[in-house]
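Numbering (the numbering used here) for the sequence shown: 8 to 112.
Virtual Cβ for every residue (Gly too), placed ideally from N, Cα, C.
Here the structure is a predicted model, which is why all the values come from computation and not from measurement.
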Amino acid sequence: MVWTVEALCDIKISRVLLESSVTQWSTTLDQASVPINLLPLWRRLRRAMDQIETNRVTVIQREGNRVASSIAFSALQVQWQQSNVATNGPVWLHPLIRREAARTV
């Protein structure tokens, strides 16, 4: 999530709706609930989110988050330090994006 929000800031996105299958989002954004070893990442996330004019985090079911899971999995497979954010996503992801979008309408 940190990489995603930082990348959105880098490409000057000002309004964002973030969806996550992590059910603890309400407590995740509270510094007191963050384990000490994750505080540096938490601070980066908060700094990046503060740069976005409008942001909202919505918790969704894991099945509705397949595109994000596929991107994360692909980044980990090649041991990238950061995934890329681009308009429309990579070509290999288009069919999954279309299927997921069709289910949410």
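query = Beta-carbon separation of LEU48 and VAL12 under 8 Å?
reply = no
message = Among ILE18, ARG53 and PHE80, whose alpha-carbon lies nearest the alpha-carbon of ARG63?
response = ARG53
request  = Locate the beta strand (DSSP E) running through LEU24, then write down its first and last residues.
outcome  = 22-27
ask   = From what residue to what residue does the alpha helix (DSSP H) around THR11 run?
value = 9-17
query = Any contact of the stretch 64-71 with the stretch 14-29, i.e. 3+ C-beta pairs under 8 Å?
reply = yes
query = Nearest to ARG105 by CA position, among GLU70, VAL74, ILE78 and SER40, is which residue?
reply = VAL74
request  = Look at the Cβ atom of SER77, then the Cβ atom of LEU45, and state whether they are nearer than 8 Å.
outcome  = no
message = Quick check on ALA55: buried or exposed, where buried means 16 or more other Cβ atoms within 10 Å of its Cβ?
response = buried
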